[in-house]
Amino acid sequence: MFKDADILTAIVTPFDDQNHIDFDALETLTNHLLETGSHGFIIGGTTGETPNLTHDEKIELYTKFGKIVNGRVPVIAGTGSNNTLQTTELTKEVGQIEGIDMALVVVPYYNKPNQRGMIAHFTTVADASPIPVAIYNIPGRTGVTMANETVVKLAQHPNIQAVKQCTSLEDLEFLVEHTPDDFMVYTGEDAQALPGIAIGAKGVVSVAAHVYGQDMRQMLDAFYAGNTVLAGKLQRRLTPKMQALFLYPSPSPVKAVLTAQGYQVGGCRLPILPLNKAERATLAKALDLNEDALENKGSLAELGVNHD
37 MFKDADILTA
47 IVTPFDDQNH
57 IDFDALETLT
67 NHLLETGSHG
77 FIIGGTTGET
87 PNLTHDEKIE
97 LYTKFGKIVN
107 GRVPVIAGTG
117 SNNTLQTTEL
127 TKEVGQIEGI
137 DMALVVVPYY
147 NKPNQRGMIA
157 HFTTVADASP
167 IPVAIYNIPG
177 RTGVTMANET
187 VVKLAQHPNI
197 QAVKQCTSLE
207 DLEFLVEHTP
217 DDFMVYTGED
227 AQALPGIAIG
237 AKGVVSVAAH
247 VYGQDMRQML
257 DAFYAGNTVL
267 AGKLQRRLTP
277 KMQALFLYPS
287 PSPVKAVLTA
297 QGYQVGGCRL
307 PILPLNKAER
317 ATLAKALDLN
327 EDALENKGSL
337 AELGVNHD
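Numbering of the sequence shown is given in this note's numbering, commencing with residue 37 and proceeding in unit increments.
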């Protein structure tokens with residue numbers, strides 16, 4: 037099912053005015069993303085504000101999202117935490133939901149396990165999970181780095197089938213070279229989309245695809261067709277915009293842009309705040325827009341890269 041899954045969008049969780057999950061908005065956004073280049077999704081990841089969702093909200097979100105996607109592309113659902121028992125139980129529960137193909141399990145944060153502890157954590161979860169597991173290495177958020185050798189060891193587990201790696205291109209190269217051929221290595225950094233795939237990674241878990249999906253799709257399709265000049269040009273033009281979407285705590289920037297495009301994604305849950313006026317102006321400038329471009333809902337009918 038992951039054969040063509042090169043762009044997995046880490047989809048935001050839309051909220052309504054009462055701060056409840058807005059499932060109608062989620063369906064509208066999902067269909068838009070499928071039409072603009074996404075070949076899969078991560079639901080309930082960092083961008084989906086999963087730390088701020090209750091257990092029951094996660095189960096409802098994943099159940100309804102599975103129905104929205106309806107098998108059109110693969111879906112990975114976030115089940116990880118820094119509590120091995122709770123992670124195991126949630127992964128078992130989520131693994132029974134129709135339409136969820138894989139569980140995303142983050143390196144335990146805050147308690148900072150060593151490499152042996154990480155191996156024990158992921159092995160325990162994978163042994164109990166009814167669906168395959170993707171391990172999520174993001175030291176900037178967890179406070180500890182999973183070593184390349186640890187990923188390679190875990191990749192031997194028959195139920196650990198992917199990694200989302202948020203480190204360097206050199207690490208991606210090592211993992212592609214030393215893990216089994218059927219183990220899927222994804223970069224979690226948008227700016228590594230093209231170089232990551234060029235060195236053999238499966239694809240990118242993307243935030244920027246919410247906004248620049250068509251451009252990213254064109255970039256990768258050009259690369260596959262051998263047009264490396266166009267692919268490189270698009271990546272170079274996209275990279276500063278991809279980086280701009282992380283000027284402020286995510287997902288507040290991408291939600292601000294989506295709102296200006298007319299998608300009713302709402303704000304963020306505390307402790308993440310929506311952008312204020314000054315922050316919206318700074319973000320707009322970084323995206324090569326007028327300073328007031330992000331002020332009104334639906335003010336941006338289209339946002340993309342100049343392909344000249």
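Think of the CB as a built atom: it goes at the ideal place given N, C-alpha and C, for glycine as much as any other residue.
| Spatial neighbours of ALA227 in its chain, beta-carbon cut-off 6 Å, leaving aside the 5 residues before and after | So the qualifying residues of the chain are THR275, MET278.
| request: Name the residue from ALA41, ILE104, VAL141 whose alpha carbon lies nearest to the alpha carbon of LEU65. | output: Nearest of ALA41, ILE104, VAL141 to LEU65, Cα basis: ILE104.
| Any idea if ALA261 is buried or exposed, counting beta-carbon neighbours within 10 angstroms, 16 or more meaning buried? | Looking at its Cβ environment, which holds fewer than 16 other Cβ atoms inside 10 Å, ALA261 is exposed.
| Quick one: what does DSSP say ASN34 is sitting in, helix, strand or coil? | Because the chain is modelled from 37 through 344, residue 34 falls outside the range shown and cannot be assessed.
| task | Say whether the stretch 110-126 touches the stretch 68-80, bearing in mind that this needs 3 or more beta-carbon pairs closer than 8 Å, one atom from each stretch. | result | The stretch 110-126 vs the stretch 68-80: in contact.
| task | Determine which residues share a DSSP beta bridge with VAL111 and list them. | result | The secondary-structure analysis by DSSP pairs VAL111 across a beta bridge with PHE77.
| Under a three-way DSSP split, which group does MET220 fall into? | The three-state secondary structure of MET220, taken from DSSP, is strand.
| field | Buried or exposed (CB count within 10 angstroms, at least 16 for buried), LYS94 | value | A residue is called buried when at least 16 other Cβ atoms come within 10 angstroms of its Cβ; LYS94 meets this threshold and is buried.
| query | Apart from the five residues just before and just after LYS128, which ones in its own chain have a Cβ nearer than 8 Å to its Cβ? | reply | ALA164, SER165, PRO166.
| message | Checking the sheet assignment: what are the DSSP bridge partners for LYS200? | response | DSSP output for LYS200 lists TYR172, TYR222 as bridge partner(s).
| request: For ALA156, count neighbouring Cβ atoms within 10 angstroms of its own Cβ and tell me buried if that reaches 16, exposed if not. | output: Classification for ALA156: exposed.
| field | At least three beta-carbon pairs within less than 8 Å, the stretch 203-220 to the stretch 177-195 | value | Yes, since at least three Cβ pairs between the stretch 203-220 and the stretch 177-195 fall closer than 8 Å, the two stretches touch.
| message | Give me the DSSP bridge partner(s) of ILE43. | response | DSSP output for ILE43 lists VAL240 as bridge partner(s).
| query | Should the stretch 37-48 be called in touch with the stretch 69-76, which here means at least 3 C-beta pairs below 8 Å? | reply | With the rule of 3 Cβ pairs closer than 8 Å, the stretch 37-48 counts as touching the stretch 69-76.
| query | Can you tell me the Cα-Cα spacing of VAL141 and ALA267, whole angstroms? | reply | Distance between the alpha carbons of VAL141 and ALA267 is about 32 Å.
| Do you know how far the Cα of THR120 is from the Cα of ARG152? | Rounded to the nearest angstrom, the two C-alpha atoms are 14 Å apart.
| With a CB to CB cut of under 6 Å and the five nearest residues on each side skipped, what residues in its chain are close to GLY303? | Hits under 6 Å: PRO310.
| query | Is the distance from the Cβ of PRO289 to the Cβ of LEU319 below 8 Å? | reply | Against a cut-off of 8 Å, the Cβ pair of LEU319 and PRO289 comes out as a contact.
| request: Starting from VAL141, trace the beta strand (DSSP E) both ways and give me its first and last residue. | output: Its beta strand (DSSP E) spans residues 138-142.
| request: Tell me whether PHE282 sits in a helix, a strand or coil according to DSSP, three-state version. | output: The answer is coil: DSSP assigns PHE282 none of H, G, I, E or B.
| request: Would you kindly check if the distance between the Cβ of TYR222 and the Cβ of VAL247 is under 8 Å? | output: Not a contact, by the Cβ cut-off of 8 Å.
| request: Compare the C-alpha of PHE282 against each of ALA317, VAL243, ALA258, GLY249 and name the closest. | output: For PHE282, the closest C-alpha among the options ALA317, VAL243, ALA258, GLY249 is that of VAL243.
| Contact under 8 Å by Cβ, GLY334 with GLY298 | Result yes, Cβ atoms of GLY334 and GLY298 sit closer than 8 Å.
| request: From the DSSP output, read off the bridge partner residues of ILE155. | output: For ILE155, which the question treats as bridged, DSSP gives no partner whatsoever.
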